[in-house]
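So the structure is just underneath, and the comments pick up after that.
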């Protein structure tokens, strides 16, 4: 963005971001939509494609870099945030993106994820959450619902899942958002906002695995049920959802309550107005817990977007400050320091 | 030995002395030892040091397992070890005496802090009676000194608390040692001033304690003799005292400047490697970026990310951390990125002996990865050699686009020696050429070294993808083709094997052929050198060779080994190099092993040489 506008520069299109590799996900996989929305959004994020790097771990999601005509690094299981962190520290000029899945990021890579969040390193992480292990053919994942019957849990899983949004908020991520593979426009909007965020940006994408966990999000994607089960978060706007926007959510203390806007008892002015810049993560956390509360719709959109110094900036600033104070180091003074003596 | 009298005290000239400072882990013995070594270096002696401390930071006072020691060997001759047996033991409490007495030379000198020899401490050390009084130390020269109370007396005007005053006693002991061995106080006085700049009252107290110790030696009648060790006849040049870990840090900063690549360290704190992270984090004005990662795995994978971005990337660790980095090393092999993995070995397996030295990670370094994953393995031999091997590791990594493992160990890492500084212009440049041309670019094309191009993100037109899946030759696309896989496995192996043509030959010290070759690697260098030197002075037919490149080995290695009737390999493990040498060269070496968490003594290796060449058949 910092570059002067070059008259000869031609605006890129989605096609420019497609690599020459055949896409090898199963037909009908939600990943196709994610790839398409990324390719459609990227011409608008204002970064030259040679300055973009996609880093991934292991899993279906992690094949993503091969399909993007940018720089790419297909890493090892769970380590994408760490590889990306090293790259971003070394090269703050690059726009570094991570494609990852629920097993990759929240199981084997959980530690790297929370530390990337807390450091506020300027990475963009897209979590393809299908609540199942796809590449290893159908074991339950850390986001599978309790009681999930899979190959590795034939009698149902007995552990509780992670709520990725709650986890990211708890780990102090500065940008936390959610979108759905079947909402292309919404996804493009969220990707662009993540790209514009200075700092760690976490985007959970509900993604359907039509082979091993088909219909995981059908309540949120099917025409008949979607309106009553999804609330779209928009900064500065009240939480309204339902057919004809007939329902709203108000906050009763810490407790979100669904109200009928047509019964005369509540008006739109009584509703919770979303503020994604709120310094406190408390309300964003309450929003993140909607999915755990029967009767409440699933929020999509930006839960939180606050600005604070990034880790990579902090490192640069410190290097500059110390260099100004001590002067740029040279080899002779490096070696010939400490107590030296001469032997004649 | 010459004797002369000045000011009523006799001065005796000695060629070499070994002093061991020992006390509770909270007594400041490491500091005392370090200061004594640094001053000793400045007066021009050759020296070697051995810190030996428990893993507990502050073990309960007075216990045997809480004893911390620091040994300094200094001489007017060229020396290579911290000394086998101390001539002088400074024991700050009964436990320190008990633990260290067995190592002391017969008729050696004991300076004991009598104040701490009370019934409680004696009991904790397992003494039934006070050894300072019961005659059990009659074979030694015992100098009882009430160090604690003399320190308190000297500081009776001080505003510090009693506890703080007591803590100054190590400076009293240091001052006394300076007097005894005729060393100047100035370097330590300056150090105190700088170190405690923000606590002038502490600086003053330590200064007073140091001087009090010195003057005590001068005025007391207990000591009748002082010792003088003339400066060593070292080669001309400018010297500094250096530890292995410090030398590694300096080595990689130097490599960064000589290659014009920014230095990136990804690391997780672990004993005894953390000091490299500490040192490097000081050098921000050299553009060094240090990343203290959330774990060992993030340490190496962040370094891999930085290497991809064009940094000179390194990661530092010790055995258990090395185990965790294994998968990352495989990724670096597959993505063919330059990276140096530094393992400061310690006693294993598992958590093992964190503060003790061992050489038992050689198999892990050469073989410890899934798949055919060859990585060059280099090993340091002395503290100052760490500098040069770091340059070598960086050179090979960059030139061959490969991860390189650099092995050091706790003994070298914490040990110090005088280092004759190289002239900066004599250190060769390490030119790096990044790929920039779009025409003909392929991510897995090969140059004359079989290295692939280093194409940095940000370069227009060279957008490409790398990763851990098998790569197709040239294009770097994912490939499951059987022929391609075999081709790539062989190519990666050949690329590493070719490094053999780019490293110095294995050098033999002594006769180029004969009865016995002592073959070593790593930190055994000093003890082997002294043992072989001693044996050769006695005309035993023994030579020495030290491997700094363990994989691949120098191409003349086989020739060298075949020229000797017997090969002795001393190692601090169960015979790992011996096994590798047997397998590679079909020779039958004699293995001398030691697994005590301590380095070899010269006498142990010398004894084995005598045993092998015994009966006069080696003469």
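Residue numbers (this note's numbering), protein chains in the order written: chain A, 3 to 346; chain B, 3 to 621. Idealized CB from N, CA, C, for every residue including glycine.
CB contact check: residue i to chain A, cutoff 9 angstroms
i                      : result
residue 315 of chain B : yes
residue 620 of chain B : A caution first: residue 620 of chain B carries a pLDDT of 46, below 50, which makes its placement in the model unreliable, though a value can still be read off. No - not a single Cβ of chain A is within 9 angstroms of the one on residue 620 of chain B.
residue 374 of chain B : no
residue 514 of chain B : no
residue 296 of chain B : yes
residue 424 of chain B : yes
residue 293 of chain B : yes
residue 333 of chain B : yes
residue 259 of chain B : yes
residue 270 of chain B : no
residue 288 of chain B : yes
residue 400 of chain B : no
Counted within 10 angstroms of its Cβ, other Cβ atoms place residue i as buried (16 or more) or exposed
i                      : result
residue 576 of chain B : exposed
residue 309 of chain A : exposed
residue 553 of chain B : buried
residue 9 of chain A   : Confidence in residue 9 of chain A is poor, its pLDDT being 47 and thus under 50, which makes the residue's placement unreliable; the coordinate value appears in the next sentence. Its Cβ having fewer than 16 others within 10 Å, residue 9 of chain A is exposed.
residue 532 of chain B : buried
residue 60 of chain B  : exposed
residue 82 of chain B  : buried
residue 492 of chain B : exposed
residue 28 of chain A  : exposed
residue 102 of chain B : buried
residue 482 of chain B : exposed
residue 231 of chain B : buried
residue 81 of chain A  : buried
residue 335 of chain B : buried
In DSSP terms, what residue i is bridged to
i                      : result
residue 502 of chain B : Its beta-bridge partners do not exist; DSSP assigns none.
residue 26 of chain B  : B/69
residue 180 of chain A : A/206 and A/303
residue 405 of chain B : B/341
residue 254 of chain A : A/257
residue 155 of chain A : A/152
Residue i at chain B interface by Cβ criterion, 9 angstroms
i                      : result
residue 27 of chain A  : no
residue 193 of chain A : no
residue 321 of chain A : yes
residue 60 of chain A  : yes
residue 4 of chain A   : Low local confidence applies: a pLDDT of 46 at residue 4 of chain A is under 50, so the model's placement there is unreliable, with the coordinate-based value given in what follows. Chain B contact via Cβ: absent.
residue 74 of chain A  : yes
residue 167 of chain A : no
residue 341 of chain A : yes
residue 41 of chain A  : no
residue 329 of chain A : yes
residue 33 of chain A  : no
9 angstroms Cβ cutoff met for residue i and residue j
i                      : j                      : result
residue 118 of chain A : residue 256 of chain A : no
residue 300 of chain B : residue 76 of chain A  : no
residue 579 of chain B : residue 525 of chain B : no
residue 178 of chain B : residue 255 of chain B : no
residue 452 of chain B : residue 496 of chain B : yes
residue 51 of chain A  : residue 96 of chain A  : no
residue 56 of chain B  : residue 36 of chain B  : no
residue 350 of chain B : residue 322 of chain B : yes
residue 57 of chain A  : residue 92 of chain A  : no
Heavy atom of the ligand MG within 8 angstroms of residue i beta-carbon
i                      : result
residue 308 of chain B : With respect to the ligand MG, the structure offers nothing, as it holds no ligand at all.
Open item on the list: Across the region 227 to 244 of chain A and the region 52 to 70 of chain A, are there enough close Cβ pairs to call them in contact, namely three or more that are closer than 8 angstroms?
Closed with: no
Open item on the list: Can you confirm whether the region 218 to 237 of chain B touches the region 342 to 362 of chain B when touching is taken to mean that 3 or more C-beta pairs between the two stretches lie within less than 8 angstroms?
Closed with: They do not touch, by the three-pair rule.
TODO: For the region 307 to 315 of chain B and the region 254 to 261 of chain B, state whether three or more C-beta atom pairs, one from each stretch, are separated by less than 8 angstroms.
DONE: yes
Open item on the list: Check whether the region 91 to 111 of chain A and the region 133 to 149 of chain A are in contact - that is, three or more C-beta pairs closer than 8 angstroms.
Closed with: yes
Task: Given 8 angstroms, three or more beta-carbon pairs between the region 149 to 166 of chain A and the region 187 to 195 of chain A - done: no
Open item on the list: I'd like to know if the region 584 to 594 of chain B and the region 557 to 572 of chain B are in contact, where contact means that at least 3 CB-CB pairs between them fall below 8 angstroms.
Closed with: yes
- [ ] Would you be able to state if there are at least three C-beta pairs under 8 angstroms between the region 505 to 524 of chain B and the region 326 to 337 of chain B?
- [x] no
Task: the region 41 to 61 of chain B touching the region 329 to 339 of chain A, judged by at least three CB pairs closer than 8 angstroms - done: Taking a cut-off of 8 angstroms on C-beta distances, the region 41 to 61 of chain B does not touch the region 329 to 339 of chain A, as fewer than three cross pairs fall below it.
Open item on the list: If contact is defined by three or more beta carbon pairs under 8 angstroms, each pair taking one atom from either stretch, is the region 398 to 416 of chain B in contact with the region 274 to 294 of chain B?
Closed with: yes
Open item on the list: Counting beta carbon pairs with one atom in the region 123 to 132 of chain A and one in the region 198 to 215 of chain A, are three or more of them shorter than 8 angstroms?
Closed with: yes
TODO: For the region 172 to 183 of chain A and the region 296 to 309 of chain A, state whether three or more C-beta atom pairs, one from each stretch, are separated by less than 8 angstroms.
DONE: yes
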